[in-house]
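Only one structure is covered here, and it is reproduced in the block below.
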Amino acid sequence: MLWTIAVILLVLWALGLVSSYTMGGFVHILLVVALVVIVIGFIQGRGRS
16 MLWTIAVILL
26 VLWALGLVSS
36 YTMGGFVHIL
46 LVVALVVIVI
56 GFIQGRGRS
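Residue numbers (this note's numbering): 16 to 64.
Structural data, given as C-alpha cells:
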C-alpha cells in the first residue's frame, strides 16, 4: 500500500516537472512526501523480520 502511494506521488512529481507546471515549486513537496513514504516502508519492513 505504501509503495503504491509512493509510486503515485513520484509519477505526479515527474509529470509536474515535465509539464513545467510546478505550482510555485510546491510540486517538489510531492517528491519529499514520496521519499518519506518509502523510508517508512523500509522501517516497517525491517521491524517485521
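The beta-carbon is built from N, C-alpha and C at its ideal position, and this holds for glycine as well.
Query raised in the report: Going along the chain, which residues of its own chain have a beta-carbon closer than 8 Å to the beta-carbon of Gly-56, five neighbours each way excluded?
Result: Leu-17, Trp-18 and Ala-21
Query - Three-way DSSP call (helix, strand, coil) for Phe-41 in this model - result: coil
**Report entry** Cutoff 6 Å; reference Val-52; Cβ partners in own chain excluding five residues on either side
**Finding:** Leu-17, Ile-20 and Ala-21
Query raised in the report: According to the Cβ coordinates, are Leu-27 and Leu-50 closer than 8 Å?
Result: no
Query - Ser-35 to Ala-29 span [Cα, whole Å] - result: 10 Å
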